[in-house]
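First to last, the protein sequences are chains A and B. All the letters of the first sequence, read from the start, carry residue numbers 115 to 636 under the working numbering. All the letters of the second sequence, read from the start, carry residue numbers 115 to 636 under the working numbering. Idealized CB from N, CA, C, for every residue including glycine. Keep in mind that this is a model prediction, so the values were computed, not measured. Accompanying notes for the structure given below.
Number of protein chains: 2
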Amino acid sequence: MSSQAATNQMNGAESLVHTLLNSGVDTCFANPGTSEMHFVGALDRIPGMHCVLGLQENIVTGMADGYYRIARKPASTLLHCGPGLANGMGNLHNARRARAGIVNIVGDQATYHRPFDAPLTADTEGMARTVSHWVRTSTDVAEVGRDAAVAVQNARAVSGQISTLILPADASWNPGGVVADALPVPAAPPIDPHAVENVARVLRSNRNVLILLADQATLAPSQILAWRVAEATGAHLLATYTNGHMQRGRGRLALERVPYGTDAAIQALGQYQHIVLVNAKAPVGFFAYPGKPSTQYPSNAQIHVLSRFDQDSVAALQALVDELGAPEVAIPDVGPRPEPARGATTQENLAVTLAALMPENSIVSNESISYGRDFYKLTHNAPAHDWLNLGGGAIGDGLPVSTGAAVAGGGDRRVISLQADGSAMYSLQSLWTQAREKLPCTTILLNNRKYNILIGEYKNVGAVPGPTAMGMLDLSNPDLDWIKLANGMGVEAARATTMEECADLMQQSFRQKAPFLIDLII
Amino acid sequence: MSSQAATNQMNGAESLVHTLLNSGVDTCFANPGTSEMHFVGALDRIPGMHCVLGLQENIVTGMADGYYRIARKPASTLLHCGPGLANGMGNLHNARRARAGIVNIVGDQATYHRPFDAPLTADTEGMARTVSHWVRTSTDVAEVGRDAAVAVQNARAVSGQISTLILPADASWNPGGVVADALPVPAAPPIDPHAVENVARVLRSNRNVLILLADQATLAPSQILAWRVAEATGAHLLATYTNGHMQRGRGRLALERVPYGTDAAIQALGQYQHIVLVNAKAPVGFFAYPGKPSTQYPSNAQIHVLSRFDQDSVAALQALVDELGAPEVAIPDVGPRPEPARGATTQENLAVTLAALMPENSIVSNESISYGRDFYKLTHNAPAHDWLNLGGGAIGDGLPVSTGAAVAGGGDRRVISLQADGSAMYSLQSLWTQAREKLPCTTILLNNRKYNILIGEYKNVGAVPGPTAMGMLDLSNPDLDWIKLANGMGVEAARATTMEECADLMQQSFRQKAPFLIDLII
Numbered sequence: 115m116s117s118q119a120a121t122n123q124m125n126g127a128e129s130l131v132h133t134l135l136n137s138g139v140d141t142c143f144a145n146p147g148t149s150e151m152h153f154v155g156a157l158d159r160i161p162g163m164h165c166v167l168g169l170q171e172n173i174v175t176g177m178a179d180g181y182y183r184i185a186r187k188p189a190s191t192l193l194h195c196g197p198g199l200a201n202g203m204g205n206l207h208n209a210r211r212a213r214a215g216i217v218n219i220v221g222d223q224a225t226y227h228r229p230f231d232a233p234l235t236a237d238t239e240g241m242a243r244t245v246s247h248w249v250r251t252s253t254d255v256a257e258v259g260r261d262a263a264v265a266v267q268n269a270r271a272v273s274g275q276i277s278t279l280i281l282p283a284d285a286s287w288n289p290g291g292v293v294a295d296a297l298p299v300p301a302a303p304p305i306d307p308h309a310v311e312n313v314a315r316v317l318r319s320n321r322n323v324l325i326l327l328a329d330q331a332t333l334a335p336s337q338i339l340a341w342r343v344a345e346a347t348g349a350h351l352l353a354t355y356t357n358g359h360m361q362r363g364r365g366r367l368a369l370e371r372v373p374y375g376t377d378a379a380i381q382a383l384g385q386y387q388h389i390v391l392v393n394a395k396a397p398v399g400f401f402a403y404p405g406k407p408s409t410q411y412p413s414n415a416q417i418h419v420l421s422r423f424d425q426d427s428v429a430a431l432q433a434l435v436d437e438l439g440a441p442e443v444a445i446p447d448v449g450p451r452p453e454p455a456r457g458a459t460t461q462e463n464l465a466v467t468l469a470a471l472m473p474e475n476s477i478v479s480n481e482s483i484s485y486g487r488d489f490y491k492l493t494h495n496a497p498a499h500d501w502l503n504l505g506g507g508a509i510g511d512g513l514p515v516s517t518g519a520a521v522a523g524g525g526d527r528r529v530i531s532l533q534a535d536g537s538a539m540y541s542l543q544s545l546w547t548q549a550r551e552k553l554p555c556t557t558i559l560l561n562n563r564k565y566n567i568l569i570g571e572y573k574n575v576g577a578v579p580g581p582t583a584m585g586m587l588d589l590s591n592p593d594l595d596w597i598k599l600a601n602g603m604g605v606e607a608a609r610a611t612t613m614e615e616c617a618d619l620m621q622q623s624f625r626q627k628a629p630f631l632i633d634l635i636i
Numbered sequence: 115m116s117s118q119a120a121t122n123q124m125n126g127a128e129s130l131v132h133t134l135l136n137s138g139v140d141t142c143f144a145n146p147g148t149s150e151m152h153f154v155g156a157l158d159r160i161p162g163m164h165c166v167l168g169l170q171e172n173i174v175t176g177m178a179d180g181y182y183r184i185a186r187k188p189a190s191t192l193l194h195c196g197p198g199l200a201n202g203m204g205n206l207h208n209a210r211r212a213r214a215g216i217v218n219i220v221g222d223q224a225t226y227h228r229p230f231d232a233p234l235t236a237d238t239e240g241m242a243r244t245v246s247h248w249v250r251t252s253t254d255v256a257e258v259g260r261d262a263a264v265a266v267q268n269a270r271a272v273s274g275q276i277s278t279l280i281l282p283a284d285a286s287w288n289p290g291g292v293v294a295d296a297l298p299v300p301a302a303p304p305i306d307p308h309a310v311e312n313v314a315r316v317l318r319s320n321r322n323v324l325i326l327l328a329d330q331a332t333l334a335p336s337q338i339l340a341w342r343v344a345e346a347t348g349a350h351l352l353a354t355y356t357n358g359h360m361q362r363g364r365g366r367l368a369l370e371r372v373p374y375g376t377d378a379a380i381q382a383l384g385q386y387q388h389i390v391l392v393n394a395k396a397p398v399g400f401f402a403y404p405g406k407p408s409t410q411y412p413s414n415a416q417i418h419v420l421s422r423f424d425q426d427s428v429a430a431l432q433a434l435v436d437e438l439g440a441p442e443v444a445i446p447d448v449g450p451r452p453e454p455a456r457g458a459t460t461q462e463n464l465a466v467t468l469a470a471l472m473p474e475n476s477i478v479s480n481e482s483i484s485y486g487r488d489f490y491k492l493t494h495n496a497p498a499h500d501w502l503n504l505g506g507g508a509i510g511d512g513l514p515v516s517t518g519a520a521v522a523g524g525g526d527r528r529v530i531s532l533q534a535d536g537s538a539m540y541s542l543q544s545l546w547t548q549a550r551e552k553l554p555c556t557t558i559l560l561n562n563r564k565y566n567i568l569i570g571e572y573k574n575v576g577a578v579p580g581p582t583a584m585g586m587l588d589l590s591n592p593d594l595d596w597i598k599l600a601n602g603m604g605v606e607a608a609r610a611t612t613m614e615e616c617a618d619l620m621q622q623s624f625r626q627k628a629p630f631l632i633d634l635i636i
C-alpha cells in the first residue's frame, strides 16, 4: 500500500500494522491488554501478520529475541502499558546483550488521560529507556506510521537494536493514520583501513596473538575468513564467552570460547601479548570477586580493535585477509560423529549423545548454567547447527528464546533446549506457546533440584551453606514435577534417569512436529 | 547490637542484616544471585530473619506487597542486579499503587567492576526509579547500615513507600560495616483544621454529598468514624474502586465501591454536587474510551479534600466527628450469614458460598477480573475478613500477594485467592512457595479458558473478534490443566464443576494447614 492511500479512513493502529508489514516485520509476539484493543482489531482486519501469544511478557520479549537470532530480522512485540513492558524487561536486557533487533509496541493510556494518573499509568518511557536503543511515544495519529518505520529501521541496524514505540490509545484509535514506506537499513560504519593495516602488522611481527571473535564474527561467514588469517599468521582464535548466536558443527570451525570462570579465563589468556578484537570487547569477568582483577587478559597485553560491535565483521576480516594475502584454506574437519553414550546422565555423556543424535540444522538454546559448562566444547562434532547462549546473564531466556527460534525456523528446524531447572521456572509459560503453535521444540530439562551455580558461588565466598542459605538455594521441598508441569501446559513429557532412556526419548521427540520435554534426572 | 559494636570485623552485608532487624524488618522474600552471596552468607550467620524463596522475582515483590498489606510493616526483598529487579517491577508497580511499604535490596556489580560493562550490568538505578519512592546505591561499606535504616524509615511512612537500596558486591563483602539504629517512623503531615471546618460546613449545608474513602480510610478504624459522619449528616459513603487492602464482613461497614466501568461509575456518581475525599483521589477511569470523559464525577461537582493519601485518615475523620459533634452509632448489621449455594458455578453462587464458608479472620486476595465483578458486593455478610485487591492493574499479583499475606498471617489465617486463570499464569510459580512454606492458601482458580476481560474490551471497540484477535484472547488450544500445574509444584488440587463440589473442596481445604487449588470450571 502506498503512503497516499487510505489516509483519512484509516486509524493509527491500522497505519501501524501496514507500516510494520511494509518494513518487513511480519511476526508479532503478543500479550495485549485493554489499551491495545484497536491494535488487535487492526491485526484482525489486515492479513499478513503472524501473531503468537505469550502468557507472560518475559516470554513475549524472549521469543522476539530468539526469533531475531535465527531469522536475522526483527519481530514486533505487543505489550500492555508500562507494567507490561516491565514484566518483559529482563529478556529485553538479554536481547540487547545478544544484539537482537526487536520492535516493541507498548500500548499506553490515551494522551489526554495520562495526567489523571489512573492505576496502570507508569513511567513507561523511563522503563523503556533502561533497555532500549531507541524510544519514542507517538502522540499524534498522523505520526504513528512514520514513527513505526523509524523504529524498524533502528532495530535493523547491522548490530540489532531494541526499538520501543509507545502507542497511546488515542493515537491508535483516532482516524488519520498515514502508512509509511520502509526506510533503508542503516549501513554499518565503514572499516578503518588503518586498523586493518595495524592488525596486519601486529600479526606479521608477533607469534603470541589472540584474535577474539564475538557476535556476528562467530557466524559461519566470518569463521572461514578468521581461519584463513589464523592459518596464514599462526594467531590463535577464540570466541568470547557470551555470544547470543553461534554457528557450529560439521563444516564450521571448532571455535573455543574464553572460559566463564575468572581463574580459568585468566589462565587461558595469560600467554597473549596482543589481542585483536573482531566485534568483541576485551574480556572482563561476569562478576568481580575479592582480590581478583576485573579484566581477564594480561595487564601488559596490547589491545587492537579490528572492528567494533556495530561494524561488519565479514568486511573487516575480508579486508584483513586481503591485506595479509592469506590464502584460501579448508575448515578443519571436526572429527567423526560420536555414538550415543550409555549409562549415567553425566554432563559428558549428554553432550556426546546430543552430538550423536541432533538432526542436521538444529537450533540449540543453551541455558544449562552450572551443569552445562562443557556441553559446548563436547559438541563441535555434531552436524551443522546454530547455538544460542543466554545473552545478558539474566536467567530465564532459554525457553522463550527456543520458542521464538522455532517460530523463525518455520516449523522445519528442530530446536533443542538444554535447560537448567532453576532457570526454567522463570519462564515455564513458554511451554504453553510451544504446544499452541505445535513447535518442534525438545526441552532437555536438567533436573538437579537446586540453584547449583549459586551453591558453587556461595562456596567461593568461603563457607558451606547453612540452613538459611540452603533455604534460598535448593529447589527441593517440594520437588518440582516437570512431567506434570509440561503436561499441564499441553506438552508431552517423560522422565529419563539413564542415557539410554534419554537417547530413546530424544529420538522419539525428533520425529514429532510437536514439543516434548525430557525430565533428565542428573 | 549497638552502633558501636563490631565495627571493624563486620562486613557490609552483616551490617545490613543487623540494621534491618534493628529497624523491625524480620522477613526477607528472596531470589538471590551471585552478587548477593555475601548477603546470603550474612543471613545464614545472623539469626532472626525469616527468608522465603520465590522462583521468579515478580513472585518475590508480590509477596512483599501482600505481606505489608496484612502485617502493616515492610518486609525486605532480595533481588539480583538490574534485570532481577526488572523482573519484579510489575508487582512493585502494584505495591506502589496499593501504598505498600517494601525495602528492596538489589545486589549489583562491585563499584569498580561496573565500568567494565559485564553482561549483567544494567541501569539499575534507572529501573528502580520508575517504581520506587526512594533509591540509593551504597557505594561505601561504612554507609550500608545507615542507608538501610533510611530505606526502612522511608518504607514505613504512614502511606507505605517503595525503598530500593542497591548494594554493590564490594560494599557487601568489604570489612568496615557499621550497624545503624532504627530511625523514627515519619509522622504523617498534620490534618489541616481549615479543611476539617470546610468539610463540616459542606456536610451541614448540603444533602447531595459523597464521602469517598480510599486506602487506610477503608480499614475498620476509619469506617466507624466515617459512619458516624454519614449518620449525623446524611452524606453517602463509597470507597474508590481500587484499594489494596479493605476490612469488611461482620462488624464492619458494608462499604460499596465506585464501579469499575466508566458508564456505571458516571451513573453512580452523577447525583453528587460535593465530593469529600478522605485519602482518595477524585475518581477517573481505569482507561479512556473514545467519546467518554476521563473523570467519572459531574463536571460541576465540587471536590473537597479532608485528607490526602499520605495523611492519617483516622485523625482526619476524628477531627471531623469532633467538629460535627457526630454521636456514637453502631455499624449496621450486615445481615445473616448465607447458606452455601447449590448448582451452577455462577458468580453469584460462588460469592454466596464464599460468604457462607470462609473462616473468621480470613484474607481474600481478589484477582478475579471479569468474572468477579460482583464478588465484593455479595460478600458483605461474611465473617470479618481482609480483602486485598489488585493494586495497580498490572495483572499477576493475586497469587504472590496471597502468598505474602499468608506469611504475614503467621500460618494461622486462611488466605483465599479468587483467581482468574489468565492472570494466574503470570505468576503461577507462587504455588511452589505456598507448598514449601506449608501456607494455608486456598486458590479458587476461575477457569474460563480465555482473557475474558479483553474479549469484552474488544467488543467495546465495536467488533466481534476474528481468528487473529481470538488467537491473542483465548487460552484454550491447549487447555491449561490446573490440577497438573498445581501438583507439579507440590500443591494438592481438585476440580469442581458444581457449587456442591466447590463447597466440599473449600471445607476440606479450610481444615488443612497447607495450600490447595480448586480448579473451578466456569
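Requested in this report: Measure the alpha-carbon distance for B/ALA119 versus B/GLY291 and round it to whole angstroms.
Outcome: Locating residue 119 of chain B in the second sequence gives position 5, where the first residue counts as 1. Locating residue 291 of chain B in the second sequence gives position 177, where the first residue counts as 1. Legend: pLDDT at B/ALA119 = 46, less than 50; position of this residue unreliable, value from coordinates given subsequently. Taking the straight line joining both Cα atoms gives about 10 Å.
**Report entry** Start and end residues, beta strand (DSSP E) containing B/GLY221
**Finding:** Sequence index remark: in the second sequence, residue 221 of chain B carries index 107 (1-based). Unbroken beta strand (DSSP E) run through B/GLY221: 216-222.
Report task. Since I believe A/GLY198 is in contact with A/GLU171 (beta carbons under 8 Å), could you give me their beta-carbon distance rounded to a whole number of angstroms? Result -> On the first sequence, position 57 is the one that residue 171 of chain A refers to. On the first sequence, position 84 is the one that residue 198 of chain A refers to. Confirmed, Cβ separation roughly 5 Å.
Query raised in the report: For the beta strand (DSSP E) that contains A/HIS494, what are its first and last residues?
Result: Numbered from its first residue, the first sequence carries residue 494 of chain A at position 380. No beta strand (DSSP E) contains A/HIS494, which DSSP labels as neither H nor E.
Query - Three CB pairs or more closer than 8 Å across the stretch 501-514 of chain A and the stretch 472-484 of chain A - result: Taking one beta carbon from each stretch, the stretch 501-514 of chain A and the stretch 472-484 of chain A have 3 or more pairs nearer than 8 Å; the two touch.
Query - chain A contact residues for B/TRP501, given Cβ-Cβ distances below 8 Å - result: For this step, residue 501 of chain B is matched to residue 387 along the second sequence. Residues of chain A passing the Cβ test: none, with the nearest at roughly 17 Å.
Report task. Return the bridge partner residues of B/GLN533 from the DSSP annotation. Result -> In the second sequence, the residue the question calls residue 533 of chain B occupies position 419. According to DSSP, which records beta bridges pairwise, B/GLN533 is partnered with B/GLU481, B/LEU559.
Query raised in the report: When you check each C-beta in the stretch 594-610 of chain A against every C-beta of chain C, which residues fall closer than 9 Å?
Result: The structure shown contains no chain C; its protein chains are A and B.
Requested in this report: Since I believe B/THR251 is in contact with B/ILE276 (beta carbons under 8 Å), could you give me their beta-carbon distance rounded to a whole number of angstroms?
Outcome: On the second sequence, position 162 is the one that residue 276 of chain B refers to. On the second sequence, position 137 is the one that residue 251 of chain B refers to. Not quite, the Cβ-Cβ distance comes to about 16 Å (not below 8 Å), so this is no contact.
**Report entry** Neighbour-count burial assignment, A/PRO303, 16 or more Cβ in a 10 Å radius
**Finding:** Mapped onto the first sequence, residue 303 of chain A falls at position 189. Exposed is the call here.
Requested in this report: Could you tell me how far apart the beta carbons of B/SER531 and B/CYS555 are, in whole angstroms, since I believe they sit closer than 8 Å?
Outcome: As a working mapping, residue 531 of chain B is identified with position 417 in the second sequence. As a working mapping, residue 555 of chain B is identified with position 441 in the second sequence. Contact holds; Cβ gap of about 7 Å.
Requested in this report: Give the single residue among B/LEU317, B/ARG270, B/THR235, B/THR133 whose Cα lies nearest to the Cα of A/VAL398.
Outcome: Taking the first residue of the first sequence as position 1, residue 398 of chain A is located at position 284. Minimum Cα distance to A/VAL398 is reached at B/THR235.
Query raised in the report: Near A/TYR386, what residues of its chain come up, given a Cβ to Cβ distance below 6 Å and the 5 sequence neighbours on each side ignored?
Result: The residue labelled residue 386 of chain A in the question sits at position 272 within the first sequence. Around A/TYR386: ASN322, LEU324, ALA415.
Query raised in the report: Quick check: the stretch 515-529 of chain B against the stretch 567-575 of chain B, are there 3 or more CB pairs under 8 Å?
Result: Taking a contact to require three or more Cβ pairs closer than 8 Å, the stretch 515-529 of chain B and the stretch 567-575 of chain B do not qualify as touching.
Report task. Return no unless some Cβ of chain A is closer than 9 Å to the Cβ of B/TRP287. Result -> For the purposes of this step, residue 287 of chain B is identified with residue 173 of the second sequence, where counting begins at 1. Judged by the 9 Å Cβ criterion, B/TRP287 is in contact with chain A.
Query raised in the report: Name the chain B residues that come within less than 9 Å of A/PRO579, Cβ to Cβ?
Result: Residue 579 of chain A sits at position 465 when you count from the first residue of the first sequence. Chain B residues near A/PRO579: VAL154, GLY155, ASP158.
Query raised in the report: Just how far apart, CA to CA, sit A/MET203 and A/VAL245?
Result: Stepping through the first sequence from its first residue, residue 203 of chain A is reached at position 89. Stepping through the first sequence from its first residue, residue 245 of chain A is reached at position 131. Those two C-alpha atoms are separated by around 7 Å.
Query - Integer Cβ distance of B/ASN566 from B/TYR490, believed to fall under 8 Å - result: For this step, residue 566 of chain B is matched to residue 452 along the second sequence. For this step, residue 490 of chain B is matched to residue 376 along the second sequence. Taking a contact as a CB-CB distance under 8 Å, the pair B/ASN566 and B/TYR490 does not count as one, their CB atoms being some 18 Å apart.
Query - Beta-carbon proximity list for A/ARG211, same chain, < 8 Å, skipping 5 on both sides - result: Within the first sequence, residue 211 of chain A is the residue found at index 97, counting from 1. Cβ neighbours of A/ARG211 beyond the five flanking positions: THR356, GLY358, GLY505, GLY506, GLY507.
Query raised in the report: Which same chain residues, not among the five before or five after A/ILE635, have their C-beta less than 8 Å away from its C-beta?
Result: Numbered from 1 along the first sequence, position 521 holds the residue referred to as residue 635 of chain A. Around A/ILE635: THR459, ASN561, ARG609, ALA610, THR611.
Requested in this report: Report all residues from its chain with a CB closer than 6 Å to the CB of B/GLY215; omit the five preceding and five following residues, and keep chain order.
Outcome: Reading the second sequence from its first residue, position 101 is the one you call residue 215 of chain B. So the qualifying residues of the chain are TYR182, PRO188, ALA269, ARG270, GLY274, GLN275.
Query raised in the report: What residue ranges within the stretch 415-491 of chain A form continuous alpha helix (DSSP H) runs of no fewer than 4 residues, ordered along the chain?
Result: 427-438, 461-471
Query raised in the report: Is it a yes or a no for the stretch 542-558 of chain B touching the stretch 613-631 of chain B, going by three-plus beta-carbon pairs under 8 Å?
Result: Between the stretch 542-558 of chain B and the stretch 613-631 of chain B, the count of C-beta pairs closer than 8 Å reaches three or more; the two stretches touch.
Requested in this report: Give a yes or no on whether the minimum CB-CB distance between B/ILE567 and chain A is below 9 Å.
Outcome: Position 453 of the second sequence, counting from 1, holds the residue named residue 567 of chain B. Output row for B/ILE567: interface = yes.
**Report entry** Three-state secondary structure (DSSP) of B/PRO629
**Finding:** Taking the second sequence and counting its residues from 1, the one referred to as residue 629 of chain B is at position 515. It is coil, neither helix nor strand.
Requested in this report: Check distances from the C-beta atoms of the stretch 319-349 of chain B to those of chain A and list, in chain order, the residues that come in under 9 Å.
Outcome: none
Query raised in the report: Hey, would you say B/ALA178 sits closer than 9 Å to B/PHE143, going by beta carbons?
Result: On the second sequence, position 64 is the one that residue 178 of chain B refers to. On the second sequence, position 29 is the one that residue 143 of chain B refers to. In contact: B/ALA178 and B/PHE143 (Cβ atoms closer than 9 Å).
Query raised in the report: Leaving out the 5 sequence neighbours to the left and right, which residues in its chain are closer than 7 Å to B/ILE569 when beta-carbon positions are compared?
Result: Translated into the one-based positions of the second sequence, residue 569 of chain B becomes position 455. Excluding sequence neighbours, B/ILE569 sits near PRO579, LEU587.
Requested in this report: Give the DSSP bridge partners of B/GLU257, in chain order.
Outcome: Stepping through the second sequence from its first residue, residue 257 of chain B is reached at position 143. DSSP, once it has assigned bridges, lists no residue as partnering B/GLU257.
Query raised in the report: Roughly how far, in whole angstroms, is the beta-carbon of A/THR347 from the beta-carbon of A/ARG318, given that I think they are within contact range, below 8 Å?
Result: In the first sequence, the residue the question calls residue 347 of chain A occupies position 233. In the first sequence, the residue the question calls residue 318 of chain A occupies position 204. The pair is a contact, with the Cβ atoms about 7 Å apart (cut-off 8 Å).
Report task. Tell me whether A/SER413 is buried or exposed, calling it buried when 16 or more other Cβ atoms sit within 10 Å of its Cβ. Result -> For the purposes of this step, residue 413 of chain A is identified with residue 299 of the first sequence, where counting begins at 1. With fewer than 16 Cβ atoms within 10 Å of its Cβ, A/SER413 is classed as exposed.
Requested in this report: In angstroms with no decimal places, state the Cα-to-Cα distance between B/SER336 and B/GLN330.
Outcome: Counting from 1 along the second sequence, the entry for residue 336 of chain B is found at position 222. Counting from 1 along the second sequence, the entry for residue 330 of chain B is found at position 216. Their backbone Cα atoms lie some 7 Å apart in a straight line.
Query - Beta-carbon spacing of A/LEU157, B/THR225 below 9 Å - result: Translated into the one-based positions of the first sequence, residue 157 of chain A becomes position 43. Translated into the one-based positions of the second sequence, residue 225 of chain B becomes position 111. No. Outside cutoff.
Query raised in the report: Checking contacts by CB at 9 Å: is A/ASN495 closer than that to chain B?
Result: Start at 1 with the first residue of the first sequence, and residue 495 of chain A comes out as number 381. No, no contact with chain B.
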